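Position one of the sequence shown corresponds to residue 11 (the numbering used here), numbered consecutively onward.
Heads up, the beta-carbon is just placed ideally off N, CA and C, and yes, glycines get one too.
The structure displayed is predicted, hence computed values, not measured ones.
What follows is a short report on a single structure.
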Amino acid sequence: MANYHKDYAFLMDNHYSKQAEIAAEAIGRLDFPRNLPKFTYVDIGSHVGKLTGLVLDILAQYYPPIDVHCVEPDSETFQELQANIRQKEVIFYNANFQHWLRSPGQSLSGRVDILVNSHTFYHYPEYSWPEIIQESDKLLTPHGKHVVIIDSAGSSLNEIKPVLDSKIPNKRHDAFGRFLKGSDLEMYFGSAGINYTREELPSPIHFNDNEEALDGVCHMLGFVMRYNPDDVKKYAAKDVQDFMAQYKKGGMIVFPRNQDFFVLPKQ
11 MANYHKDYAF LMDNHYSKQA EIAAEAIGRL DFPRNLPKFT YVDIGSHVGK LTGLVLDILA
71 QYYPPIDVHC VEPDSETFQE LQANIRQKEV IFYNANFQHW LRSPGQSLSG RVDILVNSHT
131 FYHYPEYSWP EIIQESDKLL TPHGKHVVII DSAGSSLNEI KPVLDSKIPN KRHDAFGRFL
191 KGSDLEMYFG SAGINYTREE LPSPIHFNDN EEALDGVCHM LGFVMRYNPD DVKKYAAKDV
251 QDFMAQYKKG GMIVFPRNQD FFVLPKQ
(Lines of atoms letter the chains of each structure in order from A and count residues from 1; the text may use other names and numbers.)
(Lines give C-alpha, C1' and ligand atoms only; values in the text may rest on other atoms or scores of the structure.)
Protein backbone atom coordinates (compact mmCIF):
# COMPACT_ATOMS: atom_id res chain seq x y z
CA MET A 1 0.00 0.00 0.00
CA ALA A 2 1.22 3.50 -0.77
CA ASN A 3 2.87 5.32 2.13
CA TYR A 4 3.08 9.10 1.76
CA HIS A 5 5.78 9.50 4.41
CA LYS A 6 8.07 6.85 2.88
CA ASP A 7 7.44 8.08 -0.66
CA TYR A 8 8.34 11.63 0.34
CA ALA A 9 11.46 10.53 2.25
CA PHE A 10 12.65 8.47 -0.73
CA LEU A 11 12.10 11.40 -3.04
CA MET A 12 14.02 13.81 -0.81
CA ASP A 13 16.95 11.36 -0.66
CA ASN A 14 17.14 10.83 -4.41
CA HIS A 15 16.97 14.26 -5.96
CA TYR A 16 18.26 17.71 -5.23
CA SER A 17 16.24 20.90 -5.11
CA LYS A 18 16.54 24.10 -3.12
CA GLN A 19 12.80 24.65 -3.13
CA ALA A 20 12.66 25.10 0.68
CA GLU A 21 15.58 27.53 0.75
CA ILE A 22 14.13 29.51 -2.16
CA ALA A 23 10.69 29.68 -0.52
CA ALA A 24 12.18 30.71 2.83
CA GLU A 25 14.12 33.54 1.19
CA ALA A 26 10.92 34.77 -0.47
CA ILE A 27 9.16 34.74 2.90
CA GLY A 28 12.07 36.70 4.35
CA ARG A 29 11.51 39.43 1.76
CA LEU A 30 7.95 40.08 2.93
CA ASP A 31 7.35 43.32 4.77
CA PHE A 32 6.05 43.36 8.34
CA PRO A 33 6.12 46.06 11.03
CA ARG A 34 9.40 45.93 12.97
CA ASN A 35 8.03 47.21 16.30
CA LEU A 36 5.90 44.17 17.14
CA PRO A 37 6.00 42.89 20.75
CA LYS A 38 5.71 39.33 19.42
CA PHE A 39 5.59 37.68 15.98
CA THR A 40 3.31 34.69 15.37
CA TYR A 41 4.09 32.20 12.60
CA VAL A 42 1.75 29.30 11.70
CA ASP A 43 3.20 26.59 9.47
CA ILE A 44 0.71 24.21 7.84
CA GLY A 45 1.81 20.78 6.68
CA SER A 46 5.22 21.24 8.29
CA HIS A 47 6.34 17.74 7.33
CA VAL A 48 9.76 17.18 8.96
CA GLY A 49 10.34 20.89 9.50
CA LYS A 50 12.88 21.81 6.81
CA LEU A 51 11.05 24.91 5.58
CA THR A 52 9.89 25.69 9.12
CA GLY A 53 13.45 25.82 10.43
CA LEU A 54 14.71 27.92 7.53
CA VAL A 55 11.87 30.44 7.93
CA LEU A 56 12.49 30.62 11.68
CA ASP A 57 16.18 31.39 11.13
CA ILE A 58 15.32 34.20 8.70
CA LEU A 59 12.51 35.75 10.76
CA ALA A 60 14.61 35.68 13.93
CA GLN A 61 17.01 38.17 12.32
CA TYR A 62 14.34 40.86 12.08
CA TYR A 63 11.55 40.27 14.53
CA PRO A 64 11.04 39.92 18.30
CA PRO A 65 10.34 36.61 20.05
CA ILE A 66 8.49 34.36 17.63
CA ASP A 67 5.60 32.09 18.55
CA VAL A 68 5.48 29.16 16.15
CA HIS A 69 2.57 26.78 15.58
CA CYS A 70 3.27 23.71 13.42
CA VAL A 71 0.38 21.65 12.06
CA GLU A 72 1.24 18.22 10.61
CA PRO A 73 -1.37 15.46 10.08
CA ASP A 74 0.89 12.45 9.46
CA SER A 75 1.75 10.75 12.77
CA GLU A 76 5.06 9.29 11.61
CA THR A 77 6.20 12.58 10.12
CA PHE A 78 4.98 14.45 13.20
CA GLN A 79 7.50 12.63 15.41
CA GLU A 80 10.38 13.66 13.12
CA LEU A 81 9.09 17.23 13.06
CA GLN A 82 9.17 17.43 16.87
CA ALA A 83 12.70 16.03 16.92
CA ASN A 84 13.93 18.48 14.25
CA ILE A 85 12.36 21.69 15.57
CA ARG A 86 13.36 22.07 19.19
CA GLN A 87 12.78 25.75 19.94
CA LYS A 88 10.89 26.08 23.19
CA GLU A 89 8.36 28.52 21.75
CA VAL A 90 7.04 26.01 19.17
CA ILE A 91 3.61 24.40 19.67
CA PHE A 92 2.97 21.23 17.65
CA TYR A 93 -0.39 19.91 16.48
CA ASN A 94 -0.78 16.43 15.02
CA ALA A 95 -3.94 17.40 13.15
CA ASN A 96 -5.63 17.91 9.83
CA PHE A 97 -5.55 21.61 8.91
CA GLN A 98 -9.32 21.92 8.51
CA HIS A 99 -9.90 20.32 11.91
CA TRP A 100 -7.23 22.55 13.42
CA LEU A 101 -8.88 25.65 11.96
CA ARG A 102 -12.21 24.73 13.55
CA SER A 103 -10.84 24.16 17.03
CA PRO A 104 -7.34 24.99 18.39
CA GLY A 105 -6.68 27.44 15.59
CA GLN A 106 -9.54 29.67 16.69
CA SER A 107 -7.57 30.65 19.77
CA LEU A 108 -5.20 32.56 17.45
CA SER A 109 -7.92 34.70 15.89
CA GLY A 110 -6.49 38.08 14.89
CA ARG A 111 -3.01 37.21 16.19
CA VAL A 112 -1.19 35.53 13.28
CA ASP A 113 1.42 37.55 11.37
CA ILE A 114 2.15 34.89 8.78
CA LEU A 115 0.42 31.61 7.93
CA VAL A 116 2.26 29.39 5.44
CA ASN A 117 0.62 26.69 3.30
CA SER A 118 3.54 25.25 1.35
CA HIS A 119 2.66 22.52 -1.17
CA THR A 120 -0.44 21.57 0.81
CA PHE A 121 -3.42 22.77 -1.22
CA TYR A 122 -3.54 19.64 -3.37
CA HIS A 123 -4.56 17.75 -0.21
CA TYR A 124 -7.66 19.93 0.26
CA PRO A 125 -10.82 19.13 -1.72
CA GLU A 126 -11.81 22.06 -3.87
CA TYR A 127 -15.13 22.45 -2.06
CA SER A 128 -13.16 23.19 1.13
CA TRP A 129 -11.14 26.08 -0.32
CA PRO A 130 -13.64 28.83 0.64
CA GLU A 131 -13.67 27.69 4.27
CA ILE A 132 -9.87 27.36 4.38
CA ILE A 133 -9.31 30.82 2.93
CA GLN A 134 -11.97 32.50 5.08
CA GLU A 135 -11.00 30.81 8.36
CA SER A 136 -7.30 31.41 7.72
CA ASP A 137 -8.03 35.06 7.05
CA LYS A 138 -9.76 35.36 10.44
CA LEU A 139 -6.50 34.39 12.15
CA LEU A 140 -4.48 37.20 10.56
CA THR A 141 -3.53 40.49 12.14
CA PRO A 142 -4.33 43.60 10.06
CA HIS A 143 -0.84 43.35 8.51
CA GLY A 144 -0.91 39.52 8.42
CA LYS A 145 -0.23 37.43 5.34
CA HIS A 146 -1.39 33.99 4.20
CA VAL A 147 1.34 32.51 1.99
CA VAL A 148 0.42 29.71 -0.41
CA ILE A 149 3.19 27.93 -2.33
CA ILE A 150 2.54 25.40 -5.10
CA ASP A 151 4.09 24.20 -8.34
CA SER A 152 3.70 26.59 -11.25
CA ALA A 153 1.87 25.69 -14.43
CA GLY A 154 5.14 26.50 -16.22
CA SER A 155 7.02 23.54 -14.72
CA SER A 156 8.69 21.21 -17.21
CA LEU A 157 7.02 18.30 -15.41
CA ASN A 158 3.70 19.34 -16.92
CA GLU A 159 5.06 18.40 -20.37
CA ILE A 160 4.88 14.70 -19.65
CA LYS A 161 1.65 14.60 -17.66
CA PRO A 162 -0.66 14.13 -20.69
CA VAL A 163 1.45 11.14 -21.75
CA LEU A 164 1.25 9.57 -18.30
CA ASP A 165 -2.48 10.25 -18.11
CA SER A 166 -3.01 8.42 -21.40
CA LYS A 167 -0.87 5.40 -20.52
CA ILE A 168 -1.28 4.72 -16.79
CA PRO A 169 -4.62 3.16 -15.84
CA ASN A 170 -4.17 3.27 -12.07
CA LYS A 171 -4.31 6.56 -10.17
CA ARG A 172 -4.25 7.19 -6.44
CA HIS A 173 -5.77 10.65 -6.10
CA ASP A 174 -7.90 9.63 -3.13
CA ALA A 175 -4.89 8.78 -0.98
CA PHE A 176 -2.62 11.65 -1.90
CA GLY A 177 -4.74 14.52 -3.13
CA ARG A 178 -4.79 15.63 -6.74
CA PHE A 179 -2.30 17.13 -9.13
CA LEU A 180 -2.69 20.87 -8.78
CA LYS A 181 -0.96 23.87 -10.36
CA GLY A 182 -0.70 27.50 -9.40
CA SER A 183 -2.96 28.44 -12.30
CA ASP A 184 -5.77 26.41 -10.70
CA LEU A 185 -5.51 28.44 -7.51
CA GLU A 186 -5.14 31.70 -9.41
CA MET A 187 -8.36 30.97 -11.26
CA TYR A 188 -10.15 30.32 -7.97
CA PHE A 189 -8.73 33.44 -6.28
CA GLY A 190 -9.91 35.55 -9.20
CA SER A 191 -13.41 34.06 -9.28
CA ALA A 192 -13.80 34.47 -5.51
CA GLY A 193 -12.61 38.08 -5.49
CA ILE A 194 -9.61 37.29 -3.26
CA ASN A 195 -6.80 39.85 -3.20
CA TYR A 196 -3.38 38.33 -3.81
CA THR A 197 0.03 38.82 -5.32
CA ARG A 198 1.99 36.15 -7.16
CA GLU A 199 5.71 35.65 -7.66
CA GLU A 200 7.28 32.85 -9.65
CA LEU A 201 10.24 31.24 -7.88
CA PRO A 202 12.65 29.29 -10.15
CA SER A 203 13.24 25.98 -8.31
CA PRO A 204 14.83 23.39 -10.64
CA ILE A 205 15.02 19.72 -9.68
CA HIS A 206 18.33 17.88 -10.11
CA PHE A 207 19.03 14.16 -10.46
CA ASN A 208 22.42 12.54 -10.95
CA ASP A 209 22.60 11.14 -14.49
CA ASN A 210 23.34 7.52 -13.62
CA GLU A 211 21.73 4.07 -13.83
CA GLU A 212 19.48 4.87 -10.87
CA ALA A 213 18.07 8.02 -12.44
CA LEU A 214 15.13 6.35 -14.18
CA ASP A 215 13.82 4.89 -10.91
CA GLY A 216 14.25 8.23 -9.16
CA VAL A 217 12.50 10.23 -11.87
CA CYS A 218 9.65 7.71 -12.10
CA HIS A 219 9.26 7.97 -8.34
CA MET A 220 9.19 11.76 -8.49
CA LEU A 221 6.63 11.81 -11.29
CA GLY A 222 4.49 9.28 -9.47
CA PHE A 223 4.60 11.27 -6.24
CA VAL A 224 3.93 14.66 -7.80
CA MET A 225 1.27 13.47 -10.26
CA ARG A 226 -0.46 10.95 -7.98
CA TYR A 227 0.54 7.68 -9.59
CA ASN A 228 2.17 4.60 -8.19
CA PRO A 229 5.87 5.02 -9.16
CA ASP A 230 6.02 1.39 -10.27
CA ASP A 231 3.17 2.08 -12.70
CA VAL A 232 5.05 5.05 -14.18
CA LYS A 233 7.98 2.80 -15.00
CA LYS A 234 5.78 -0.13 -16.09
CA TYR A 235 3.63 1.79 -18.55
CA ALA A 236 5.78 4.75 -19.62
CA ALA A 237 9.48 3.98 -19.10
CA LYS A 238 10.47 4.88 -22.69
CA ASP A 239 8.53 8.15 -22.51
CA VAL A 240 10.20 9.04 -19.22
CA GLN A 241 13.64 8.24 -20.65
CA ASP A 242 12.95 10.48 -23.66
CA PHE A 243 11.77 13.20 -21.28
CA MET A 244 14.93 12.87 -19.18
CA ALA A 245 17.13 13.06 -22.28
CA GLN A 246 15.87 16.59 -23.00
CA TYR A 247 17.28 17.85 -19.71
CA LYS A 248 20.68 16.18 -19.40
CA LYS A 249 23.34 18.68 -18.45
CA GLY A 250 26.91 18.01 -17.29
CA GLY A 251 26.35 14.68 -15.55
CA MET A 252 23.02 15.82 -14.17
CA ILE A 253 19.39 15.77 -15.25
CA VAL A 254 17.99 19.21 -14.46
CA PHE A 255 14.25 19.76 -14.79
CA PRO A 256 13.30 23.46 -15.01
CA ARG A 257 10.56 24.09 -12.48
CA ASN A 258 8.96 27.08 -10.80
CA GLN A 259 7.04 27.47 -7.60
CA ASP A 260 4.14 29.93 -7.51
CA PHE A 261 4.43 32.06 -4.38
CA PHE A 262 1.04 33.59 -3.57
CA VAL A 263 0.59 36.15 -0.81
CA LEU A 264 -2.95 36.76 0.42
CA PRO A 265 -3.08 39.87 2.64
CA LYS A 266 -5.78 40.35 5.24
CA GLN A 267 -8.96 40.46 3.13
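Chain-order list of residues whose beta-carbon lies under 7 Å from that of residue i (same chain, five-residue window excluded)
i, result
"K48", "P74, P75, D77"
"V100", "V78, C80"
"D219", "K258, G261, M262, I263"
"A105", "V81, P83"
"I92", "Inspection of the sequence shows that residue 92 is occupied by Gln rather than by Ile. Around Q92: F102."
"S85", "N104"
C-alpha gap between residue i and residue j, whole angstroms
i, j, result
"S27", "Y245", "27 Å"
"L118", "L149", "6 Å"
"L224", "L61", "27 Å"
"D270", "G192", "6 Å"
"F272", "S166", "20 Å"
"D194", "S213", "19 Å"
"Y134", "A163", "18 Å"
"N268", "A33", "11 Å"
"Q108", "Q71", "31 Å"
"Y114", "G55", "Per the sequence presented here, residue 114 reads as Pro, with Tyr not at that position. About 15 Å."
"D53", "Q277", "20 Å"
"I37", "V173", "35 Å"
"K171", "D123", "37 Å"
According to DSSP, residues forming a beta bridge with residue i
i, result
"Y73", "DSSP output for Y73 lists no bridge partner at all."
"F49", "I76"
"T207", "V273"
"P212", "N268"
"M262", "N218, K259"
"K155", "I124, P275"
"L111", "Beta-bridge pairing links L111 to no other residue."
"V81", "I54, Y103"
"Y237", "K181"
Neighbour-count burial assignment, residue i, 16 or more Cβ in a 10 Å radius
i, result
"Q256", "exposed"
"S146", "buried"
"N180", "exposed"
"D161", "buried"
"N127", "buried"
"P239", "buried"
"E209", "exposed"
"A247", "exposed"
"N45", "exposed"
"M197", "exposed"
"D144", "The question names Asp, yet the displayed sequence has Gln at residue 144. It is exposed - the Cβ of Q144 has fewer than 16 other Cβ atoms within 10 Å."
"A30", "buried"
"L40", "exposed"
Secondary structure of residue i, DSSP reduced to three states
i, result
"N94", "helix"
"I178", "coil"
"N104", "coil"
"L40", "coil"
"Q29", "helix"
"V242", "helix"
"D161", "strand"
"L149", "helix"
"V250", "helix"
"Y132", "helix"
"G59", "coil"
"S119", "coil"
"K171", "helix"
8 Å Cβ shell around residue i - same chain, five flanking residues per side excluded
i, result
"M66", "Looking at the sequence shown, residue 66 is not Met but Leu. Closer than 8 Å at the Cβ level, and outside the excluded window around L66, lie Y51, I76, V78, I95, Q97."
Close beta carbons around residue i, own chain, < 6 Å, minus the five adjacent residues each side
i, result
"F189", "M235, R236"
"V242", "C228, L231, G232"
CB contact check: residue i to chain D, cutoff 8 Å
i, result
"R39", "Here chain D cannot be found, since the structure has a single protein chain."
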